[in-house]
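These notes are about the structure you will find just below.
Number of protein chains: 2
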Amino acid sequence: MQLRYHPYPLQLQHTFTVSGCSRSQTPDVLIAITHQGVTGYGEASMPPYLGESIESVCRFLSRVRLEAFDDPFRTDDILSYVMHLDDDEAEAHNFAAKAAIDIALHDLVGQLLGQPLWRLFGLSPERCTYTTYTIGIDTPEVVRQKVREVEGQFGRLKVKVGVPGDRQLIQTIREVSDLPLTVDANQGWTSPEMALEQIEWLSGQGVIMVEQPLPKHDLEGLRWLTQRSPLPIILDESVQGPADVIRMKGCCHGINIKLMKCGGLAPARLMIQLARMQGMQVMLGCMTETSCAVTAAAQLAPCADYLDLDGNLLISNDAFRGGMQVIDGRVTLQSAPGLGLTPLTPPNPF
Amino acid sequence: MQLRYHPYPLQLQHTFTVSGCSRSQTPDVLIAITHQGVTGYGEASMPPYLGESIESVCRFLSRVRLEAFDDPFRTDDILSYVMHLDDDEAEAHNFAAKAAIDIALHDLVGQLLGQPLWRLFGLSPERCTYTTYTIGIDTPEVVRQKVREVEGQFGRLKVKVGVPGDRQLIQTIREVSDLPLTVDANQGWTSPEMALEQIEWLSGQGVIMVEQPLPKHDLEGLRWLTQRSPLPIILDESVQGPADVIRMKGCCHGINIKLMKCGGLAPARLMIQLARMQGMQVMLGCMTETSCAVTAAAQLAPCADYLDLDGNLLISNDAFRGGMQVIDGRVTLQSAPGLGLTPLTPPNPF
């Protein structure tokens, strides 16, 4: 097997603001794994707060020796090798780089078997629910116009809260739309009591779920809040990989799984099983990324209670066509083998 | 999909004695799931101590409505339906019956994809280690003869301990063989201190692993023993399904996974992942069963540190040929699709 990788900075359609940080570009690396003329595609997307960069991802990928494996079906050996490749470093991580390999290898195996990944995972595509579309903070006029624009296309809207102007934003949306809302506090509320007060207000506004209300390490506060909240509490920053799902039992109603956090489809599938075992809900999220990584996450969408898979809709230089589509607001899976992607050349480097 | 099932009592080659109970037959049910002319085979084997019987298995299977599913690839929905079919009963179990469905469905999907299950699981068949062969308590002369007979065929022997005559048995084996031994105490030792003393003696006799030294609920004792034992402690009776793997962290060095205990390949795969996450070793065991269930367990053999997959060698009326073979003492996987079984008709009822 041959591994190729290429930095591919993503251009955002609109400048994006979260917690006081604005950006118009996001770092990304596309990869390709080729075996006997068949190519699987993968991607590493690196939001700055996760500590990876184009440099760190390329450095990690330069050390991955896939030539040592001559059978892509041996995913257990290959992914175990990749997962432990940085075990001797001070701080083992490189989860986005690992996710890229995991995604490309799954795509390759799916193509070799002639089956879409969701089918190989035993899933039923009609179980996919609505994905959310994020409405940013803006003037009331712009917000109303934006909501009217997307209302026919999406079945759920997502709003960032825990920032100045959040209640105003929700009230503005409510002037023009009855769509269910989810909110993401991104650890922004400072005490469990204050969070509960906010959530009680939000539950009267047609909000159906709250993401990461408190700082990620405040397990005591999260436990207190989970016992009292009228809305489901879903943890994102508190949960990176499978071990965190066990650790967060009792501290939430569910978890937000992202391939770039956990290292790909294999750990994500384990996290889903752990969540189910513990009676937790499952949310699938993404970063700003091309259709490649979003489509990979979407293969697990039939298992999820909440979907936030709009990352590819936020960029202006997607490198693929095919893959997952949003139709009538729902994530809609295709029957093409693997991820079902066709590279757009150009701009796709492969 | 069409489900058929048939009671199929297994005839033992030799009367089998464990903890004072002798038997020459063991209850078993064979099943077949057919979809568009392709048939997957499954099996429920019911050792008396697990509380299932031919009657309970047939009663459970009579309630499984596979006609409601027209796509065998939807294993997540189908197995979830089967797993929760007895949720309203006082004591939900029927794990052997559930394992039968899980095995047959996996066999069917593997055949439809034209691939052996181990390959669909991403595993490398050359990782399979030796399986043990159990030497029963008998006169020294018979034991010596038996050991000489099997020494060329097997690479590990297993001995039941915690019963009168166990040390004598091990010494008798050592007169004629240097093969590594594993021992199974079946909860037979009465205190952690006494167990430690036995294990220390055993570690001087070429024993490499100890199964279930203490009563299954004595977690305190197991924790104490695990910290001190010179040999790995593997738990069998203490561990039924995935939740037990989490619960037993720190109380053992590893777990013994059996399809009839946990409900099939899907939960067994989850248990393997949980064990790895927690740094535990994995043993794969079986009941007295035909090549069908033994071959199903063997699909996971590349993940196991210890294998005890000799169940089909103990019966005189195996209903299949093909599937897993023991070659030079090692579990050896075949490349035929699914489980790779051919029913022997007769005696196979299908």
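If you read the protein sequences in the order shown, they are chains A and B. Each step along the first sequence adds one to the number in numbering that gives the first Met the number 0, with nothing skipped, and position 111 is 110. Each step along the second sequence adds one to the number in numbering that gives the first Met the number 0, with nothing skipped, and position 14 is 13. Beta carbons are placed, not taken as given, at the ideal position from N, Cα and C, and that holds for glycine. Keep in mind it's a predicted model, so treat the numbers as computed, not measured.
Worksheet item: Among B:R155, B:L65 and B:W200, which one has its Cα closest to the Cα of Q167 (chain B)?
Response: Ranking the options by Cα distance to Q167 (chain B), first place goes to B:W200.
Discussion item. Report the start-end ranges of each beta strand (DSSP E) in the stretch 48 to 136 of chain A that is 3 residues or longer and not cut off at the edges.
Written reply: Counting only runs of 3 or more, we get 131 to 134.
Item to complete: Return the bridge partner residues of Y4 (chain A) from the DSSP annotation.
Response: DSSP lists A:I30 as partners of Y4 (chain A).
Worksheet entry | Q226 (chain A) versus A:Y48, A:E192 and A:E125, residue with shortest Cα-Cα distance | Residue A:E192 holds the alpha-carbon nearest to the alpha-carbon of Q226 (chain A) among A:Y48, A:E192 and A:E125.
Worksheet item: Would you say P241 (chain A) faces chain B, with C-beta separation under 8 Å as the test?
Response: Interface residue, yes.
Item to complete: Anything in chain A within Cβ reach of I245 (chain B), meaning under 7 Å, just list it in chain order.
Response: Neighbours of I245 (chain B) on chain A, chain order: I245.
Discussion item. Let me see if you follow: with CB-CB separation under 8 Å, is Q333 (chain B) close to chain A or not?
Written reply: Proximity of Q333 (chain B) to chain A, defined by a Cβ-Cβ separation below 8 Å, is not satisfied.
Worksheet item: Counting Cβ pairs, one atom from each stretch, are 3 or more of them under 8 Å apart for the stretch 90 to 110 of chain A and the stretch 151 to 162 of chain B?
Response: A contact is defined here as three or more CB-CB pairs under 8 Å, and the stretch 90 to 110 of chain A fails this definition with respect to the stretch 151 to 162 of chain B.
Discussion item. I need the straight-line Cα distance from Q1 (chain A) to P71 (chain B), nearest angstrom please.
Written reply: Answer to the nearest angstrom: the Cα atoms are 34 Å apart.
Practice prompt. Round the Cβ separation of G284 (chain A) and D307 (chain A) to the nearest angstrom and send it over; I've been treating them as touching at under 8 Å.
Written response: G284 (chain A) to D307 (chain A), Cβ: 4 Å. Contact.
Fill in: E42 (chain B) vs A96 (chain B) beta-carbon contact at 8 Å
Against a cut-off of 8 Å, the Cβ pair of A96 (chain B) and E42 (chain B) comes out as no contact.
Fill in: Neighbour flag for R329 (chain B) against chain A, beta carbons, 8 Å
At a cut-off of 8 Å, the C-beta of R329 (chain B) has no neighbouring C-beta in chain A.
Worksheet entry | Whole beta strand (DSSP E) elements within the stretch 265 to 334 of chain B, 3-residue minimum | Within the stretch 265 to 334 of chain B, the complete beta strand (DSSP E) runs of at least 3 residues fall at 280 to 284, 305 to 307, 319 to 321, 324 to 326 and 329 to 331.
Worksheet item: How many Å lie between A194 (chain A) and I172 (chain A) at the Cα?
Response: Going from the Cα of A194 (chain A) to the Cα of I172 (chain A) covers about 21 Å.
Worksheet item: For Q272 (chain B), which residues in chain A fall below 7 Å Cβ to Cβ?
Response: Per Cβ cutoff of 7 Å: L269.
Fill in: Proximal residues of chain B, C-beta to C-beta of M0 (chain A) below 9 Å
Per Cβ cutoff of 9 Å: no residues; M0 (chain A) is ~14 Å from chain B at best.
Practice prompt. Could you list which residues in chain A have their beta carbon closer than 9 Å to that of T74 (chain B), in chain order?
Written response: Contact note: T74 (chain B) reaches chain A through F120, G121 and L122, using a C-beta cutoff of 9 Å and chain order.
Worksheet item: Which partner residues of M208 (chain B) appear in the DSSP bridge assignment?
Response: Its beta-bridge partners are B:T181.
Item to complete: Leaving aside the five residues before and after Y132 (chain A) along the sequence, list all residues of the same chain whose C-beta is less than 8 Å from its C-beta, in chain order.
Response: Spatial neighbours of Y132 (chain A) in its own chain (CB-CB distance under 8 Å, excluding positions within 5 residues in sequence) are listed in chain order as V149, Q152, F153, R155, L156, K157, D309 and L312.
Item to complete: Measure how close the beta-carbons of G253 (chain A) and M286 (chain A) come, nearest whole angstrom, since I'm counting them as under 8 Å.
Response: About 19 Å separates the CB atoms of G253 (chain A) and M286 (chain A); that is not less than 8 Å, and the two are not in contact.
Worksheet item: What whole-angstrom Cβ distance do G322 (chain A) and T294 (chain A) have, given they're in contact under 8 Å?
Response: In this structure G322 (chain A) is in contact with T294 (chain A), their Cβ atoms being roughly 3 Å apart against a cut-off of 8 Å.
Practice prompt. Quick one: measure Cβ to Cβ for V244 (chain B) and L273 (chain B), integer angstroms, because I've assumed they're closer than 8 Å.
Written response: With 8 Å as the limit, V244 (chain B) and L273 (chain B) qualify as a contact, their Cβ atoms being about 4 Å apart.
Practice prompt. Would you check if the stretch 260 to 278 of chain B and the stretch 205 to 219 of chain B touch, i.e. whether three or more CB-CB distances between them fall below 8 Å?
Written response: Short answer: they don't touch.
Worksheet item: Would the beta-carbon of D177 (chain A) fall within 8 Å of that of G135 (chain A)?
Response: The answer is no: Cβ separation not under 8 Å.
Worksheet item: Based on the DSSP secondary-structure assignment, which residues constitute the bridge partners of Q24 (chain B)?
Response: Bridge partners of Q24 (chain B): B:Q10.
Worksheet entry | Beta carbon proximity, L112 (chain A) to chain B, threshold 8 Å | L112 (chain A) counts as touching chain B.
Discussion item. When you compare the CB of M276 (chain B) with every CB in chain A, is at least one pair closer than 8 Å?
Written reply: Contact of M276 (chain B) with chain A is assigned, a C-beta pair being separated by under 8 Å.
Fill in: Spatial distance of S315 (chain A) from A31 (chain A) (CA atoms)
Cα-Cα distance, rounded: 21 Å.
Discussion item. Can you check which of these residues, B:I326, B:D101 and B:H13, is closest to L116 (chain B) by C-alpha distance?
Written reply: The closest CA to that of L116 (chain B), considering only B:I326, B:D101 and B:H13, is found on B:D101.
Worksheet item: Can you tell which of A:E66, A:S228 and A:A103 has the C-alpha that lies nearest to the C-alpha of G203 (chain A)?
Response: Of the listed residues, the one whose Cα sits closest to G203 (chain A) is A:S228.
Worksheet item: Is L338 (chain A) closer than 8 Å to Y40 (chain A) when the C-beta atoms are compared?
Response: For the pair Y40 (chain A) and L338 (chain A), the CB atoms are nearer than the 8 Å cut-off.
Practice prompt. Could you please give the first and the last residue of the uninterrupted beta strand (DSSP E) stretch that includes L156 (chain B)?
Written response: Residues R155 to K159.
Worksheet item: Going along the chain, which residues of its own chain have a beta-carbon closer than 6 Å to the beta-carbon of R246 (chain A), five neighbours each way excluded?
Response: Same-chain partners within the cutoff: there are none.
Fill in: Simplified DSSP state of E42 (chain A), which is helix, strand or coil
Correct three-state label for E42 (chain A): strand.
Item to complete: Give the straight-line distance between the Cα atoms of T181 (chain A) and E125 (chain A), rounded to the nearest whole angstrom.
Response: So the two alpha carbons sit approximately 22 Å from each other.
Practice prompt. Measuring alpha carbon to alpha carbon, tell me which of A:R58, A:D69, A:D76 and A:D75 ends up nearest D85 (chain A).
Written response: For the residues A:R58, A:D69, A:D76 and A:D75, the minimum Cα distance to D85 (chain A) belongs to A:R58.
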